[in-house]
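Novice:
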Amino acid sequence: MNGRLFEAAQTGKVGVLFELLKEHPLVLHAIIPLTSGETPLHVASLAGQLNFVKEMIIMKPEFAGKLNQDGFSPMHLASANGYLEIVRELMKVDSSHWRLSSGDGRTPLHLACIFQWLFEAAQTGNVGALLDLLKEHPLMLQTVTLTSRETPLHVASLAGHVDFVKEVIRLKPEFAKKLNQDGFSPMHLASANGYSEIVKELSKIDASYCRFRGRDRKTPLHLAVINGRIEVIHELLSSCPESVEDLTFGGQTALHIAVINNQFEAFKVIVVGLKRLNKVDQLNRKDEQGNTVVELMLGEDTITIAIEINALNGSSLTALDIVQSFPRELSDCWKIEKHLMSAGAKKASDIQSPASSAAGSCSELPCNHTRTSEPSHFTLDRLCESFMFQRGRDSPSQVRSDLLIITVLVATATYQAGMSPPGGFYSC
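Counting along the sequence shown from 1, when you hit position 298 you're at 298 in full-length UniProt numbering, and nothing is skipped either side.
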């Protein structure tokens, strides 16, 4: 019962509060003896849930003057976190609450001032200001732990101040595992914004921080992929290879996310990383809708985009030749073969010449991917690069084109079978 009540306060679900009161009309009267002073009003004030705070004040205004087990009132918690509207609501109950002293003698005003200075230092990366504040208020960071979900480490990680991050880690390494009010850790924030040095520093504390699940069960790797942060992806895969196995609420892998968000370079880095880490099975993972990475691409009707589907590689093979070189039992081969053939794909033996191929194999738009003088071996990096969108050559919609689908096939099927296609399509 109390668990549901405090969860409702944390998430601001006023409807759940009303349901609980119908089931247990005296539930709020039993709060104090059961929780050593912590009330739903404390929880909602810390979480910034204004509407829940308003309802709680109506039902139990006396909660506003209570100190929790750490010696803080709801006013302290709201003030420390900058929730002005909640402070105003609490002041309406009793304006003298701003003078309530915490266990260490601080009023809500004291906390508001100290936290403002602290977070300004984190925002600007001012390590000197941080150290000066700690001289005046030695327990300041401990107070942050008790009164705020946002920490200076979150702020500095978001702003990219690596020296400030290092100092806070030295003083309070446990901040690295805290989630802020938006459900993100410092590692999430640094990863999303491309600060690879900060990611490296945070992973030194504990590499498992790379796998922290934030909002929607997204990990730092997921956010790095969404935002195309290539250096961060490299760092995360190096620090914590297992992070590539983590799934979102929708059962999506980092590869699914790369496809959905059109992050081709991120996709390439992860595919190469899977080979290196011997985790190629991830290429066949399905999301909750049952889609593999290839099926996501096929579902976009990418094959209808005009590209030179019968271009020859350095071994004089077309895309269809490559697909048909794999054993039929390998997953996705038949789907892609069918899709290619429906777009007019041919085997090299059925094409009279490269010139006639170029003239007849583009469905809608002219393009030129034919290669006749390349060496017979080229790396997956070069393969992926040749399929990427190039200004002046391709239409913008070709970013996720048919040849990208072939890249996935080669990565998936070749790694699965532990073989190389005829002609040595790539080596890496």
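Beta carbons are placed, not taken as given, at the ideal position from N, Cα and C, and that holds for glycine.
1. With 16 as the cutoff for other CB atoms within 10 Å, does N310 come out buried or exposed?
2. Helix, strand or coil for H369 per DSSP?
3. I think H97 touches A64, with their Cβ atoms under 8 Å apart; what is that distance to the nearest whole Å?
4. Between Q282 and E245, is the Cβ-Cβ spacing less than 8 Å?
5. Ends of the alpha helix (DSSP H) at S203?
6. Where does M388 sit, in a helix, a strand or coil, going by DSSP?
7. Whole angstroms are fine: how far does the CA of F184 sit from the CA of A112?
8. Output the distance between the C-alpha atoms of L274 and L67, rounded to the nearest integer angstrom.
9. Pull up the CB-CB distance for H154 and N180, whole angstroms please, since I reckon it's below 8 Å.
10. Locate the alpha helix (DSSP H) running through E167, then write down its first and last residues.
11. Can you check which of these residues, P152, M75 and L41, is closest to I31 by C-alpha distance?
12. According to the neighbour-count rule (16 or more other Cβ atoms, all chains shown, within 10 Å of its Cβ), is D287 buried or exposed?
13. Do the CB positions of S239 and A266 come within less than 8 Å of each other?
14. Could you pull out every unbroken beta strand (DSSP E) segment of at least 3 residues lying fully inside the region 177-262, listed in chain order?
15. Pick helix, strand or coil for T11, following the three-state DSSP scheme.
16. Which class does E38 belong to by DSSP, given the choice of helix, strand or coil?
17. Return the CA-CA distance between T39 and W117, expressed in angstroms with no decimal places.
18. In the DSSP assignment, find the unbroken alpha helix (DSSP H) run with L320 in it and report its ends.
19. What three-state label does DSSP hand S101 in the structure shown?
20. When burial is assigned at 16 or more other CB atoms within 10 Å of the CB, is E89 buried or exposed?
21. For G250, collect the residues of the same chain with a Cβ closer than 7 Å to its Cβ; drop the 5 residues on either side in sequence, then sort them by chain order.
22. Which residue comes first and which comes last in the alpha helix (DSSP H) that contains S157?
23. Please say whether V162 and P152 have beta carbons closer to each other than 8 Å?
24. Output the boundary residues of the alpha helix (DSSP H) element that contains I114.
25. Whose C-alpha, out of F18, H188, M341 and S349, is nearest the C-alpha of M59?
26. In its own chain, which residues sit with a C-beta less than 6 Å from the C-beta of D321, not counting the 5 before and 5 after it?
27. Which one of G12, R4 and V225 has the shortest CA to CA distance from H24?
28. Taking the alpha-carbon positions, what's the R217 to R211 distance?
29. Nearest by alpha-carbon distance to G105: which of D94, R276 and F72 is it?
30. Drop a sphere of 10 angstroms on the beta-carbon of D350, count the other beta-carbons inside from all chains shown, and report buried for 16 or more, exposed for fewer.
31. Would you decide whether K268 is buried or exposed? Buried here means 16 or more other CB atoms lie within 10 Å of its CB.
32. Taking just the CA atoms, how far does T147 sit from L77?
33. Less than 8 Å between the CB atoms is what I'm expecting for A121 and L133, so what's the real figure, rounded?
34. State the Cα-Cα distance for the pair S191 and R229, rounded to the nearest angstrom.
35. Report back the beta-carbon spacing between V93 and P138 to the nearest angstrom; my notes put them in contact at under 8 Å.
36. Closest to K178 by CA distance: which of M56, R170 and H188 is it?
Specialist: Taking the definition as stated:
1. buried
2. Reliability fails at H369, whose pLDDT of 35 lies under 50, so the model's placement of it is uncertain and the value that follows must be treated cautiously. The answer is coil: DSSP assigns H369 none of H, G, I, E or B.
3. 6 Å
4. yes
5. S196 to I205
6. With a pLDDT of 49 at M388, under the threshold of 50, the modelled position of that residue is not reliable, and the figure given next carries that caveat. Note: M388 maps to coil in three-state DSSP.
7. 23 Å
8. 52 Å
9. 5 Å
10. V162 to L171
11. L41
12. buried
13. no
14. none
15. helix
16. coil
17. 29 Å
18. A319 to Q324
19. coil
20. buried
21. D287 and E288
22. P152 to A159
23. no
24. P108 to T124
25. F18
26. K347 and A348
27. R4
28. 10 Å
29. F72
30. exposed
31. buried
32. 5 Å
33. 7 Å
34. 7 Å
35. Actually they are not in contact, since the Cβ atoms of V93 and P138 sit about 32 Å apart, beyond 8 Å.
36. H188
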